[in-house]
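Chemist: Have a look at this one before I ask anything.
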Amino acid sequence: MAREGLTGSRIRERRVMAGLKQADLARDIGISASYLNLIEHNRRRIGGKLLLNIASVLGVEPQTLTEGAEAALIAALREAADEAGLTGPEASRADEFAGRFPGWADVLAGTRRRVASLEQTVEALTDRLAHDPHLAASMHELLTTAAAIRSTAAILAETKTLQPEWRERFHANINEDSHRLSDSAQALVSYLDAETGAADAASSPQEEVEAFLSKHDFSFGSLETGSATEATIAEIVETAEMLRSQAAKYIARGVLQQWARDAAVLSLKDLRKEIETAGTDPLTLARNLHKPVVVVLRRMAALPELGAGLVVCDRSGTVIFRKSVEGFTVPRHGACCPLWPLFGALAQTGMVVTETVMQLGRAQAQFECFATSETQSAPSYNALPLVQAVMVLLPAPAGAGQGRSMGSTCRVCPQEGCSARREPSILSSGV
Amino acid sequence: MNKHVVLVEDETNIAEAIRFLLSNEGWRVETLANGSNAVDVIRNTGPDLVMLDVMLPGKSGFEILHDLRADPAFDALPVLMLTARGQSRDREMAEKAGVSRFMTKPFSNAEMLDAVRELTAQ
Chain A
1 MAREGLTGSR IRERRVMAGL KQADLARDIG ISASYLNLIE HNRRRIGGKL
51 LLNIASVLGV EPQTLTEGAE AALIAALREA ADEAGLTGPE ASRADEFAGR
101 FPGWADVLAG TRRRVASLEQ TVEALTDRLA HDPHLAASMH ELLTTAAAIR
151 STAAILAETK TLQPEWRERF HANINEDSHR LSDSAQALVS YLDAETGAAD
201 AASSPQEEVE AFLSKHDFSF GSLETGSATE ATIAEIVETA EMLRSQAAKY
251 IARGVLQQWA RDAAVLSLKD LRKEIETAGT DPLTLARNLH KPVVVVLRRM
301 AALPELGAGL VVCDRSGTVI FRKSVEGFTV PRHGACCPLW PLFGALAQTG
351 MVVTETVMQL GRAQAQFECF ATSETQSAPS YNALPLVQAV MVLLPAPAGA
401 GQGRSMGSTC RVCPQEGCSA RREPSILSSG V
Chain B
1001 MNKHVVLVED ETNIAEAIRF LLSNEGWRVE TLANGSNAVD VIRNTGPDLV
1051 MLDVMLPGKS GFEILHDLRA DPAFDALPVL MLTARGQSRD REMAEKAGVS
1101 RFMTKPFSNA EMLDAVRELT AQ
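Structure representation (C-alpha cells):
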C-alpha cells in the first residue's frame, strides 16, 4: 500500500508546514481528528472529494499530495482517456477516479498497458497472421478479448450514472476478460517461443517434423552406419513423441530415408577428414571424394561443427526441408524470397550456384550459399523429371565481401524497389 | 417507437457492452450468439440495423450478409460489420458482399456509436 502511505505522509508533512493542528484541519474538512490521524498514518485510503478538500485547505494542488506511485497511475489513466477520445471536464479528473476507485484504476491502467503491449505484438506478427491458421485463431482471440475490455473499461470510466448492478456486472466482465487475455497471451508466447514447446506449437505436419529434427540436433547416429534398414528408420519414427500425426510420420520417414542413403554414400568421418585438408568448398570436396555435389551439400549440413543451414525445395518451389540457422529465416508459412540461390538452382538441373548473401532483418549475418538440383524420378520418355533443389548456408568468413541482399519473404522485407517483390511489405508501407 | 437493432455476436461480454451502449441511446437490442438463424430472425423482425461479427458459430457474418443482400427486401438494410479480422482481403470481401460499414476490433465505443448514428440517420 505504498501509494496510500505516500499520500498520508504528504498530508501530514504539508499540514505541519502550514502550521495547522490535526484537529484544525479535521474540522475544516468536516471529519474527525481521529479519522484524519488514521489517514496521516496511512491506515485509511484517501482520494476524491476529501483529498480535494484537504488540498484546498492546505493551499496545494491535489497532485502534490498524490505524487510518486500515484503519478504513474494517473499518467496511465490520462493516456487511456486520451486514447479513448475522452474529452470535456471528465478528462482532467483522472486523479479523482484513482482516488475514489484505486483498485479499478489499477485494473484499467494495467489493462491499458497490456493492450498497448499486445498491439505491438500484433504489428510485429502481421506477416505470420496472414498465413498461419493457429496464429490467426490466437490473434483473433486476443483482439476479441481486447475489444471487450476496451469497451467495458470505457463504459466504466465514462458513464457518470452507472447503476450498481451494471457496474458490478461490468467489473465482473472486465475481470473475466483480463484473465482470458492473460491466458491467451501466455499461450501465444509459448507458441512463438521456438526454443520451448516447439512440438506443442506445431500446427502442421511439416512443423512437427522440424521440431522432431531440432530435438535430435539434426543428428542420427543409428543412421550413420551406412547400412541402416527400414526397420531402424521405422523404430525412430514410431517412438518419436513429437511426431503425432500420420502425415508428420510420413514426411519424417522420407527425410530419414534420404539421410540413410546419403550416409551410405558419404560418411561424416570421410567428409570431416577431407574438409581438414581441402576446406569447405563443396565442389572441391565433391571432386576429391568422387561424390555427387548434392550429397556433399546435405552431408555438410549434418556436421554440427560447420553450423550450416539447409533448405530443400521441390520443383514447385515449395520448401520441403529446412534446417534453420541464426540470421537466415525460412518462413514457416507463405512463399520465400525468390532471390534465393535455391530457386536459381532449379533453372538448370545439375548446375551449382554459389553466392554470398545477407538476409535483411534484425540479426544480419552473411552466408556463403551453395545450391544445386537433382532429379528425383527415373527417366521416362517425354516427361519432365521431378527435381529437388538443395541449398546449404555456411557462415561467411570474416573479410568476405558484401553479400547480395535478399529477404525472407516479401511481407517482412524492407528492400525498396525490389524487382522480385510480390506484395507490399508491412515494414515499408504499413499494409 | 424505439429503433430496433439485431446484434449477432458470439462474444458475450462484447455483446453485453454494445447492448448497454445502444440501450442507453434508446435502441431496442436483440442479441444472437449464433449465425445459423440470424437471417430468419432479421427477416421476421425487420430491424433498422444489423450488427454482425464475422467469425460466428453456425454461419459466418459474410454468409449472413450475402443472404440478406440476395433478398430485395433487405438490400438497403444498414449492416455494420465488427471483426477482429482486419486484413484487407476481409474488408474487400465485406465490401463486395454489400456491407454498409466495416469496423475492426478493438474499436472505441464512441466510434461504434458514431457509425450507428450515421448508418441510421434519416
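First to last, the protein sequences are chains A and B. Each residue of the first sequence is one higher than the one before, counting from 1 in the numbering used here. Each residue of the second sequence is one higher than the one before, counting from 1001 in the numbering used here. Just so you know, even glycine gets a beta-carbon here, dropped at the ideal spot from N, CA and C.
(1) Using DSSP's beta-bridge definition, name the partner residues of A:A389.
(2) Pull up the distance between the alpha-carbon of A:R53 and that of A:L73, whole angstroms please.
(3) Taking beta-carbon pairs under 7 Å, can you tell me which members of the region 1050-1080 of chain B lie near chain A?
(4) In the structure shown, what three-state DSSP assignment does B:K1059 receive?
(5) Spatial neighbours of A:I39 within its chain, please: C-beta separation below 7 Å, excluding the five flanking residues on both sides.
(6) Could you check if A:R12 belongs to the surroundings of the ligand MG, using beta carbon to heavy atom distance under 7 Å?
(7) Could you tell me whether the region 396-406 of chain A touches the region 1003-1014 of chain B, where touching means 3 or more Cβ pairs closer than 8 Å?
(8) So what does DSSP say about A:K291, is it helix, strand or coil?
(9) Please state whether DSSP places A:L52 in a helix, a strand or coil.
(10) Within 10 angstroms of the Cβ of A:R15, are there 16 or more other Cβ atoms? Answer buried if so, exposed if not.
(11) Hey, does B:L1113 have any beta-carbon neighbour from chain A nearer than 8 Å?
(12) Is there a Cβ from chain A that is less than 8 Å from the Cβ of B:N1034?
(13) With DSSP as the reference, identify every bridge partner of A:M406, one or two as the case may be.
(14) When the Cα of B:M1093 is compared with those of B:D1010, B:I1064, B:A1076, which residue comes out closest?
(15) Give a yes or no on whether the minimum CB-CB distance between A:W166 and chain B is below 8 Å.
(16) To the nearest angstrom, how far is it from the Cα of B:A1115 to the Cα of B:M1051?
(17) Counting C-beta neighbours from all protein chains within 10 Å, is the total for A:S184 16 or more, i.e. buried, or is it exposed?
(18) Quick one: using the 10 Å Cβ neighbour count with 16 as the cut-off for buried, is A:E210 buried or exposed?
(19) Under 7 Å Cβ to Cβ from A:V293, same chain only, skipping five residues before and after it: list those, please.
(20) Cβ of A:L310 within 8 Å of Cβ of A:K291?
(21) Using 8 Å for Cβ pairs, my map puts B:L1049 next to B:L1080. What's the rounded Cβ distance?
(22) Report the rounded CA-to-CA distance for A:L181 versus A:F367, giving the unit in angstroms.
(23) Would DSSP call A:A201 helix, strand or coil?
(24) Would you mind stating whether A:T152 and B:A1097 have Cβ atoms separated by less than 8 Å?
(25) Report buried or exposed for A:L386, applying the criterion of at least 16 other Cβ atoms within 10 angstroms of its Cβ.
(26) Check whether the Cβ atoms of B:S1100 and B:L1119 sit closer than 8 Å, and answer yes or no.
(27) Straight-line CA distance for A:A247 to A:N173?
(28) Among A:S227, A:A231, A:I236, which has the Cα closest to the Cα of A:V265?
(29) If you compare alpha carbons, which of A:V392, A:S380, A:Q348 is closest to A:E374?
(30) For B:D1053, list the residues DSSP reports as bridge partners.
(31) Chain A partners of B:K1105, CB-CB under 8 Å?
Modeler: The answer reads as follows:
(1) Within the first sequence, residue 389 of chain A is the residue found at index 389, counting from 1. Paired residues: A:C313, A:S373.
(2) Mapped onto the first sequence, residue 53 of chain A falls at position 53. Mapped onto the first sequence, residue 73 of chain A falls at position 73. According to the sequence provided, residue 53 of chain A is Asn. The question's Arg does not apply to it. Looking at the two C-alpha atoms, the distance is approximately 21 Å.
(3) M1055
(4) Residue mapping note: residue 1059 of chain B aligns to position 59 of the second sequence, counting from 1. Three-state DSSP puts B:K1059 in coil, outside helix and strand.
(5) Your numbering for residue 39 of chain A matches position 39 in the first sequence. Excluding positions up to five away in sequence, the list reads G8, I11, I46.
(6) The model depicted lacks the ligand MG and carries no ligand whatsoever.
(7) no
(8) What you label residue 291 of chain A is simply residue 291 of the first sequence in a count that begins at 1. In this structure, A:K291 counts as coil in the three-state DSSP scheme.
(9) Counting from one through the first sequence, the residue named residue 52 of chain A turns up at place 52. Looking at A:L52 - three-state DSSP - the assignment turns out to be helix.
(10) Along the first sequence, read from residue 1 onward, the residue named residue 15 of chain A stands at position 15. By the 10 Å Cβ count, A:R15 comes out buried.
(11) Counted from its first residue, the second sequence places residue 1113 of chain B at position 113. No, no contact with chain A.
(12) Within the second sequence, the letter at position 34 stands for residue 1034 of chain B. For B:N1034, the answer is no, since every Cβ of chain A falls outside 8 Å of its Cβ.
(13) Your numbering for residue 406 of chain A matches position 406 in the first sequence. A:M406 is bridged to A:Q359.
(14) In the second sequence, counting from the first residue as 1, residue 1093 of chain B sits at position 93. Cα-wise, what sits closest to B:M1093 is B:I1064.
(15) As a working note, residue 166 of chain A is residue 166 in the first sequence. Yes, its Cβ sits closer than 8 Å to a Cβ of chain B.
(16) Taking the second sequence and counting its residues from 1, the one referred to as residue 1115 of chain B is at position 115. Taking the second sequence and counting its residues from 1, the one referred to as residue 1051 of chain B is at position 51. Distance between the alpha carbons of B:A1115 and B:M1051 is about 11 Å.
(17) Locating residue 184 of chain A in the first sequence gives position 184, where the first residue counts as 1. With 16 or more Cβ atoms within 10 Å of its Cβ, A:S184 is classed as buried.
(18) Here residue 210 of chain A refers to the residue found at position 210 when the first sequence is read from its first residue. Looking at its Cβ environment, which holds 16 or more other Cβ atoms inside 10 Å, A:E210 is buried.
(19) Stepping through the first sequence from its first residue, residue 293 of chain A is reached at position 293. These residues qualify, in order along the chain: P282, L283, A286, V352, T372.
(20) Mapped onto the first sequence, residue 310 of chain A falls at position 310. Mapped onto the first sequence, residue 291 of chain A falls at position 291. Contact flag unset, no.
(21) In the second sequence, residue 1049 of chain B corresponds to position 49, counting from 1. In the second sequence, residue 1080 of chain B corresponds to position 80, counting from 1. Right, the Cβ-Cβ distance comes to about 7 Å (below 8 Å), so this counts as a contact.
(22) Position 181 of the first sequence, counting from 1, holds the residue named residue 181 of chain A. Position 367 of the first sequence, counting from 1, holds the residue named residue 367 of chain A. Approximately 41 Å, taken between the alpha carbons.
(23) Numbered from its first residue, the first sequence carries residue 201 of chain A at position 201. Its pLDDT being 48, under 50, A:A201 is placed unreliably in this model, and the coordinates cannot settle the point.
(24) Residue mapping note: residue 152 of chain A aligns to position 152 of the first sequence, counting from 1. Residue mapping note: residue 1097 of chain B aligns to position 97 of the second sequence, counting from 1. Cβ atoms of A:T152 and B:A1097: not closer than 8 Å.
(25) Along the first sequence, read from residue 1 onward, the residue named residue 386 of chain A stands at position 386. Per the 10 Å Cβ criterion, exposed.
(26) Your numbering for residue 1100 of chain B matches position 100 in the second sequence. Your numbering for residue 1119 of chain B matches position 119 in the second sequence. Result yes, Cβ atoms of B:S1100 and B:L1119 sit closer than 8 Å.
(27) By one-based count along the first sequence, residue 247 of chain A stands at place 247. By one-based count along the first sequence, residue 173 of chain A stands at place 173. Cα to Cα, A:A247 sits roughly 42 Å from A:N173.
(28) The count along the first sequence starts at 1 and reaches residue 265 of chain A at position 265. Checked all of A:S227, A:A231, A:I236; the closest Cα to A:V265 is A:S227.
(29) The sequence position of residue 374 of chain A within the first sequence is 374, counting from 1. It is A:Q348.
(30) As a working note, residue 1053 of chain B is residue 53 in the second sequence. Bridge partners of B:D1053: B:L1082.
(31) What you label residue 1105 of chain B is simply residue 105 of the second sequence in a count that begins at 1. By Cβ distance, chain A contributes L143, T144, A146, A147.
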